[in-house]
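Asks: Below you'll find the structure I mean.
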Amino acid sequence: MTGGNDPVTEVSNLDGRRDYGPDQVGGKAASLNRMTMLGLPVPPAFVLPPTIWEHRTVTGDLPTQAWNEVADRVGDLEARTGRRFGDTSDPLLVSVRSGARTSMPGMMDTILNVGVPEEIPSESDFVRDLRRRLREQFDRILDTPVPPDPWEQLRCALLRVFRSWDTPRARAYRDLHRIPESPGTAAVVQAMVFGNRDRNSGTGVLFTRDPHTGHRDPYGEWLPGGQGEDVVSGRMDAEPIAHLATTAPEVYEELIAASVLLERSHRDVQDIEFTVESGRLWFLQTRTAARSPEARIRHAVAMAREGLITRAEALDRVRPDDIATFLRPRLDPVAVRAATRVARGLPAGPGIGTGTLTCDPSESTESGELAVLGRPTTAPEDVPAMSRAAAVVTDHGGVTSHAAVVCRELAVPCVVGCGDGTVAALAGRIVTVDGYTGEIYDGAVATAPRGTRDDPDLVALDAWADLRPRTAGEPRTVLRG
Amino acid sequence: MSTEIMILQTLRLKGSPDLSSLVETLGDPRAELDSTVEDLIARSLCTPTPGGLRLTPNGHARLADLLTEERATSDHSRLNECYARFDKPNLAVKKVITDWQLVDGSRPNDHSDPAYDAVVLDRLVRVDAEFRELLDDIVELVPRLRRYRDRLATAVRHVLDGDHRWVSSPLIDSYHTVWFELHEELITAVGRTRGDEAAAGRAS
Chain A
0 MTGGNDPVTE VSNLDGRRDY GPDQVGGKAA SLNRMTMLGL PVPPAFVLPP TIWEHRTVTG
60 DLPTQAWNEV ADRVGDLEAR TGRRFGDTSD PLLVSVRSGA RTSMPGMMDT ILNVGVPEEI
120 PSESDFVRDL RRRLREQFDR ILDTPVPPDP WEQLRCALLR VFRSWDTPRA RAYRDLHRIP
180 ESPGTAAVVQ AMVFGNRDRN SGTGVLFTRD PHTGHRDPYG EWLPGGQGED VVSGRMDAEP
240 IAHLATTAPE VYEELIAASV LLERSHRDVQ DIEFTVESGR LWFLQTRTAA RSPEARIRHA
300 VAMAREGLIT RAEALDRVRP DDIATFLRPR LDPVAVRAAT RVARGLPAGP GIGTGTLTCD
360 PSESTESGEL AVLGRPTTAP EDVPAMSRAA AVVTDHGGVT SHAAVVCREL AVPCVVGCGD
420 GTVAALAGRI VTVDGYTGEI YDGAVATAPR GTRDDPDLVA LDAWADLRPR TAGEPRTVLR
480 G
Chain B
0 MSTEIMILQT LRLKGSPDLS SLVETLGDPR AELDSTVEDL IARSLCTPTP GGLRLTPNGH
60 ARLADLLTEE RATSDHSRLN ECYARFDKPN LAVKKVITDW QLVDGSRPND HSDPAYDAVV
120 LDRLVRVDAE FRELLDDIVE LVPRLRRYRD RLATAVRHVL DGDHRWVSSP LIDSYHTVWF
180 ELHEELITAV GRTRGDEAAA GRAS
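Chain order of the listed sequences is A and B.
Just so you know, the first sequence maps onto residues 0 to 480 in numbering that gives the first Met the number 0.
Just so you know, the second sequence maps onto residues 0 to 203 in numbering that gives the first Met the number 0.
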């Protein structure tokens with residue numbers, strides 16, 4: 000299933016009747032369409048492909064033909080959902096999202112709950128909550144009040160999403176990541192489902208395998224009664240996915256069955272967004288999961304053993320850096336998940352250190368226990384204290400700063416440039432400093448047993464690398480890579 | 000022979016040096032330094048500790064007075080001009096030292112590539128040579144800083160002799176150690192503080 004190649008020029012339903020590739024309709028629409036083809040429940044949707052925005056008018060509007068097609072496709076959504084766009088009671092509401100060929104996280108706009116009707120006195124708390132959310136988005140993203148007419152809301156939202164392709168920051172992002180200007184972005188219009196509808200609703204994310212530890216088990220979060228952006232924004236506290244298994248076992252089972260299907264179809268670990276509305280499961284997105292270096296090693300070997308990918312693919316999916324990271328001391332990924340990050344700076348001296356943060360170098364020299372030395376910036380006279388510190392943290396400075404140079408020599412974990420006032424704010428607290436990532440956590444965070452070269456997964460990768468045909472000069476083993 | 004301000008300032012910059020590293024830094028004969036230090040201890044300006052000699056609060060106050068006195072008679076506009084000129088070699092030295100420690104700014108240099116190391120050390124020698132003119136101007140304005148000429152030269156000589164600890168080891172008078180102390184001296188001489196300079200991105 001690679002999708003077609005012919006340009007798509009019309010506003011098109013994503014109903015799985017045709018296979019579309021990311022080049023034609025953007026990554027988001029192609030993924031929704033593919034989930035539908037797999038028979039998964041996906042809220043009905045249609046796409047305005049990038050070609051439509053390429054044919055925009057001189058005033059930056061869509062051609063009349065496109066608006067007519069949008070109206071027709073909204074009609075299709077109405078038929079498939081049994082709701083009417085613009086109705087005053089229980090109307091069809093839609094989300095409007097961008098979807099370029101290559102994902103540009105955080106660069107493009109998304110507008111949810113489009114189509115909230117004009118205010119009426121007898122409306123429910125649910126509709127009132129949706130209107131509040133829509134107002135917030137219009138205020139924040141479009142900087143205008145919400146138009147009372149739902150069709151005008153849809154028009155504003157679509158134009159906004161297309162125009163966000165041309166904002167300076169989106170252009171800068173494309174320059175930086177060498178993303179071509181053509182094809183531009185698509186816009187996806189999808190019927191809303193509501194995780195905040197009732198007690199049997201909620202929203203969550205599921206990783207088909209644990210992206211932190213690399214375990215085979217799925218990992219996820221579940222937010223009862225929440226809407227999608229509540230999870231992403233961290234506005235509400237999520238429950239572990241096991242909570243869903245207990246409260247709605249049949250939904251959980253359906254979710255897990257689908258996750259196996261999606262992983263098999265994409266041949267890689269997936270990060271799946273889903274919503275449950277009144278007990279019914281809906282899939283909103285799937286993409287290849289970001290993961291820790293250890294998880295990249297473990298997942299690649301496991302998937303090759305399961306026959307999901309070839310051994311050569313497994314080798315390609317592990318970077319030399321992953322192995323180096325795996326072999327050095329690191330924090331326990333499960334402990335990190337539960338830990339609170341209190342500061343972040345530039346990683347400047349490798350290693351991990353835990354202790355009470357002190358801003359006074361003489362204090363740390365004279366007490367027996369190792370302390371974390373925090374200084375706005377280090378001075379020559381701080382060197383004796385630095386040599387005795389569990390870690391060093393500074394407010395100012397980069398990787399060439401005195402603290403960074405000295406700590407690398409002394410093999411003391413170091414994080415620099417955490418920002419004005421950071422060390423003063425942390426004085427007296429026990430902190431854990433990760434000199435590999437630049438993160439500083441509250442309290443003592445447990446470390447993981449360091450990976451070893453005789454780890455079965457590394458040994459397997461090494462053996463597979465040995466059997467692979469090589470070009471001259473290529474290192475023989477992955478361990479030496 | 001070292002003056003009181005030179006010894007007190009060295010004690011401050013070194014934190015708690017022992018006598019032999021004081022001899023190395025100041026370049027005075029041991030016997031001479033012994034008696035000067037005894038005098039400073041008798042006046043409660045410094046005190047011996049298990050880690051080395053340390054300034055007392057009295058010593059810090061005395062040093063601050065001496066530095067204020069020095070600033071009162073120094074040529075501010077020329078010193079400020081020198082400090083502005085220091086920016087460029089300072090950035091260059093810090094970059095060289097970092098490249099010595101890290102390859103591509105991220106991977107620790109395991110010194111397995113002699114060609115890479117040779118290029119970095121060659122840059123260090125060139126930056127040092129170019130800096131000499133400015134250092135002479137600085138010493139003309141603040142004569143007690145003359146020892147930095149010898150100390151930087153000593154570090155370079157050890158490096159060229161193949162002892163690479165003299166590039167950046169913080170526990171000896173390596174090039175980076177001496178450079179950073181000199182930077183601290185300049186900040187003091189122009190009457191600024193390290194905090195201001197760090198916030199301005201110049202001295203961290």
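Even for Gly, the Cβ is constructed at its ideal location relative to N, Cα and C.
So, does the CB of Glu31(B) fall closer than 8 Å to a CB anywhere in chain A?
Replies: By this cut-off, Glu31(B) is not an interface position.
Asks: Quick one: using the 10 Å Cβ neighbour count with 16 as the cut-off for buried, is Asn67(A) buried or exposed?
Replies: Answer is exposed; the Cβ neighbour count stays below 16.
Asks: According to DSSP, what are the bridge partners of Tyr218(A)?
Replies: According to DSSP, Tyr218(A) bridges with Phe206(A).
Asks: Would you say Gly26(B) and Arg146(B) are within 8 Å of each other, going by their C-beta atoms?
Replies: Cβ atoms of Gly26(B) and Arg146(B): closer than 8 Å.
Asks: Across the region 194-206 of chain A and the region 275-293 of chain A, are there enough close Cβ pairs to call them in contact, namely three or more that are closer than 8 Å?
Replies: Judged by Cβ distances under 8 Å, the region 194-206 of chain A makes contact with the region 275-293 of chain A, as three or more pairs qualify.
Asks: Taking the DSSP output, what are the residues bridged to Ser485(A)?
Replies: Residue 485(A) lies beyond the residue range present for chain A, which begins at 0 and ends at 480; the question has no answer from this structure.
Asks: List the DSSP bridge partners of Trp281(A).
Replies: Beta-bridge pairing links Trp281(A) to Thr274(A).
Asks: I'd like to confirm the pairing. Which residues does DSSP put opposite Phe84(A) in its beta bridges?
Replies: The partner list for Phe84(A) (beta bridge, DSSP) is empty, contrary to what the question assumes.
Asks: Under the DSSP definition of a beta bridge, which residues are partnered with Ala390(A)?
Replies: BP columns for Ala390(A) point to Val371(A).
Asks: Need the endpoints of the alpha helix (DSSP H) that Cys81(B) sits in, please.
Replies: Start and end: 75-100.
Asks: Enumerate in chain order the residues of its own chain whose CB-to-CB distance from Thr8(B) is below 7 Å, with the five nearest sequence positions on each side excluded.
Replies: Residue identity check: residue 8(B) is Gln in the sequence provided, not Thr. Here the set comprises Leu62.
Asks: Counting Cβ pairs closer than 8 Å, one from the region 420-439 of chain A and one from the region 124-131 of chain B, do we hit at least three?
Replies: The region 420-439 of chain A is not in contact with the region 124-131 of chain B.
Asks: Would you kindly check if the distance between the Cβ of Ala156(A) and the Cβ of Val73(A) is under 8 Å?
Replies: Going by C-beta atoms, Val73(A) is not nearer than 8 Å to Ala156(A).
Asks: Output needed for Asp433(A): all residues of its chain with C-beta closer than 7 Å, excluding positions within five of it in sequence on either side, in chain order.
Replies: Cβ neighbours of Asp433(A) beyond the five flanking positions: Leu330, Ile351.
Asks: Do you know offhand how far Pro48(A)'s Cα is from Arg139(A)'s?
Replies: So the two alpha carbons sit approximately 26 Å from each other.
Asks: Is there a Cβ from chain B that is less than 8 Å from the Cβ of Leu409(A)?
Replies: Interface residue, yes.
Asks: With respect to the beta strand (DSSP E) encompassing Gly354(A), which residues constitute its N-terminal and C-terminal limits?
Replies: Unbroken beta strand (DSSP E) run through Gly354(A): 351-357.
Asks: Are the C-beta atoms of Gly14(B) and some chain A residue less than 8 Å apart?
Replies: It does: the Cβ of Gly14(B) has a partner Cβ on chain A nearer than 8 Å.
Asks: Taking Leu37(A) and Ser264(A) to be in contact with their CB atoms under 8 Å, please state how far apart those CB atoms are, rounded to whole angstroms.
Replies: The pair is a contact, with the Cβ atoms about 6 Å apart (cut-off 8 Å).
Asks: Buried or exposed for Asn12(A), going by 16 or more other Cβ atoms inside 10 Å?
Replies: By the neighbour-count rule (16 or more Cβ atoms within 10 Å), Asn12(A) is buried.
Asks: In the region 279-336 of chain A, which residue ranges form an unbroken alpha helix (DSSP H) of at least 4 residues, counting only runs that do not cross its ends?
Replies: If we require 4 residues or more, the alpha helix (DSSP H) runs fully inside the region 279-336 of chain A come out as 292-304, 310-316, 319-326.
Asks: Give the straight-line distance between the Cα atoms of Val371(A) and Leu140(B), rounded to the nearest whole angstrom.
Replies: Approximately 39 Å, taken between the alpha carbons.
Asks: Using a C-beta cutoff of 8 Å, does Lys87(B) count as contacting chain A?
Replies: Taking Cβ atoms only, chain A never reaches closer than 8 Å to Lys87(B), which makes this a no.
Asks: Does Thr364(A) pass the burial test, meaning 16 or more other C-beta atoms within 10 Å, or should it be called exposed?
Replies: Here the model assigns Thr364(A) a pLDDT of 49, short of 50, so the residue's position is not dependable and the matter cannot be decided.
Asks: Hey, how far is the Cα of Val192(A) from the Cα of Cys406(A)?
Replies: Roughly 53 Å between the two C-alpha positions.
Asks: Checking contacts by CB at 8 Å: is Thr97(B) closer than that to chain A?
Replies: Judged by the 8 Å Cβ criterion, Thr97(B) is in contact with chain A.
Asks: Counting pairs of beta carbons, one from the region 49-60 of chain A and one from the region 120-136 of chain A, are three or more of them closer than 8 Å?
Replies: As far as the Cβ criterion goes, the region 49-60 of chain A does not touch the region 120-136 of chain A, which means the pair count is below three.
Asks: To the nearest angstrom, how far is it from the Cα of Gly114(A) to the Cα of Ala70(A)?
Replies: The straight-line gap from Cα to Cα measures roughly 13 Å.
Asks: Kindly identify the DSSP beta-bridge partner or partners of Glu238(A).
Replies: DSSP output for Glu238(A) lists Trp221(A) as bridge partner(s).
Asks: Quick one: which chain B residues come within Cβ less than 7 Å of Gly15(A)?
Replies: Result: empty, since nearest Cβ-Cβ is about 45 Å, beyond 7 Å.
Asks: Of all the options Asp441(A), Pro149(A), Arg198(A), which has the alpha carbon lying nearest to the alpha carbon of Gly278(A)?
Replies: Residue Arg198(A) is the option with its Cα nearest to Gly278(A).
Asks: Determine the chain A residues that contact Ser167(B) at a beta-carbon separation under 7 Å, and present them in chain order.
Replies: By Cβ distance, chain A contributes Val404, Glu408.
Asks: Determine the contact status of Val10(A) and Val93(A), defining contact as a CB-CB distance below 8 Å.
Replies: In this structure, Val93(A) does not lie closer than 8 Å to Val10(A) by Cβ.
Asks: Would you check if the region 182-202 of chain B and the region 66-79 of chain B touch, i.e. whether three or more CB-CB distances between them fall below 8 Å?
Replies: The region 66-79 of chain B is in contact with the region 182-202 of chain B.
Asks: With a cut-off of 8 Å on the beta carbons, I'd call Thr274(A) and Thr202(A) a contact; round off their distance for me.
Replies: Yes, they are in contact, since the Cβ atoms of Thr274(A) and Thr202(A) sit about 5 Å apart, within 8 Å.
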